[in-house]
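Engineer: Residues are numbered in the numbering used here as their position in the sequence shown, beginning at 1, plus a constant of 215.
Quick one: the structure is below, and I'll ask about it shortly.
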Amino acid sequence: MDARVTTGRAERKRLETLLAAHGIQATSQRLRIAELLFAHNQHCTAEQVFRALGRDGISVARATVYNTLNLFAAQGLIKALAVDPERCQFDSNPTPHHHFYIEDTGEVLDIAPGALELAGLPELPPGTEIQGIDVIVRLRSRA
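This is the structure:
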């Protein structure tokens, strides 16, 4: 994760508008985190975001990073991926798609749209409808 993101006025205004559209107040710390996340589509942990900001000389409390990422996820700006019991990865691309998770390295990769098809879904409980389907294909290196 690269923290060296230089955002011009137009991009900063776009991020402010994006946060506002999701009901999020655009504080300076939230904007710095958004700049980092939305520089390109990526998967990262809160700890990676915290370290990347620190490398760029940006002082943000670890709790602020965790709270901001969870707020962004709750408001649909990013997607939280529970890849294992000890780690949550955040995906800066919230559009519906599936993932590979490489257990050896902790790396998360996007599965190309249309590359995975699901068939034979079970009958849904009465009064429910499918909100979304998230698939994480877990991988490990061959021994």
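Here a beta-carbon is modelled for each residue, glycine too, at the ideal position from N, C-alpha and C.
For E332, name the three-state secondary structure that DSSP assigns.
Structural biologist: In the structure shown, E332 sits in coil (DSSP, three-state: anything other than H, G, I, E or B).
Engineer: Counting only the same chain and skipping the five closest in sequence on each side, list residues whose C-beta sits under 6 Å from that of S356.
Structural biologist: Counting only Cβ-Cβ distances below 6 Å, and skipping sequence neighbours, we find D319.
Engineer: Assuming V280 is part of the alpha helix (DSSP H), what are its boundary residues?
Structural biologist: Segment 277-289, the alpha helix (DSSP H) holding V280.
Engineer: Using CA coordinates, which residue listed in N285, G321, V280, L286 is at the minimum distance from P300?
Structural biologist: Per the Cα distances, G321.
Engineer: With DSSP run on the structure shown, which of helix, strand or coil describes E338?
Structural biologist: Coil.
Engineer: To the nearest angstrom, how far is the alpha carbon of H255 from that of A358?
Structural biologist: Rounded to the nearest angstrom, the two C-alpha atoms are 33 Å apart.
Engineer: Between which residues of its own chain and I206 is the CB-CB distance below 8 Å, once the five residues before and five after are set aside?
Structural biologist: Outside the modelled stretch of the chain, which goes from 216 to 358, sits residue 206, for which no answer is possible.
Engineer: To the nearest angstrom, report how far apart R302 and P340 are at their CA atoms.
Structural biologist: Taking the straight line joining both Cα atoms gives about 30 Å.
Engineer: For Y316 and E332, I'd like the C-alpha separation in whole angstroms.
Structural biologist: Each residue's Cα considered, the two are about 18 Å apart.
Engineer: Among the residues of its own chain, which have a CB less than 6 Å from the CB of R352, if the five just before and after it don't count?
Structural biologist: With the sequence shown as reference, residue 352 is identified as Val, and Arg is not the correct amino acid for it. Within the same chain, V352 has close Cβ partners F315.
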